[in-house]
Amino acid sequence: MAIVLAGISISIPRVVSMKAELPKPPLSHTRLLPWTSGHRASSRRAVLVASAPSTPLNNISEKVVESIKNAEATCAEDAASGECAAAWDEVEELSAAASHARDKLKVDDPLESFCKDNPDNEE
């Protein structure tokens, strides 16, 4: 397209783009997902996940006391041994478990406990 104004020629180029249509290969799940091959396994696995039973706080506290006595006895012979370090690691783990058990027993919000005890009351 060209416009002529007083001897000046201004041309505006037109860009015509023909998008080339390339053939697309069919999607194959086997290529995208390697675990989905052409054949399916007929056997299925069932997995059962269960949490470990919670230990009462007094039982954990007794274990902490026993492990402290055990660690002191172990470290009396050689304080720099690996057995001594392992014994105190056991004390640390049991103390952490006791702390977590105490945190679970704490009541966070009195309103929450009231609502649990009285579900029929209006909010």
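Residue numbers (full-length UniProt numbering): 1 to 123. In this text, a Cβ means the ideal position worked out from N, Cα and C, and glycines have one as well. Quick caveat: nothing in here was measured; it's all calculated off a predicted structure.
Item	Value
Candidates N59, K106, T74, S95: which alpha carbon is nearest A86's?	T74
Quick one, which of N121, K104, R102 has its alpha-carbon nearest L111's?	N121
Alpha carbon to alpha carbon, how far is E66 from A101?	18 angstroms
Are there 16 or more other CB atoms within 10 angstroms of the CB of L105, so buried, or fewer, so exposed?	exposed
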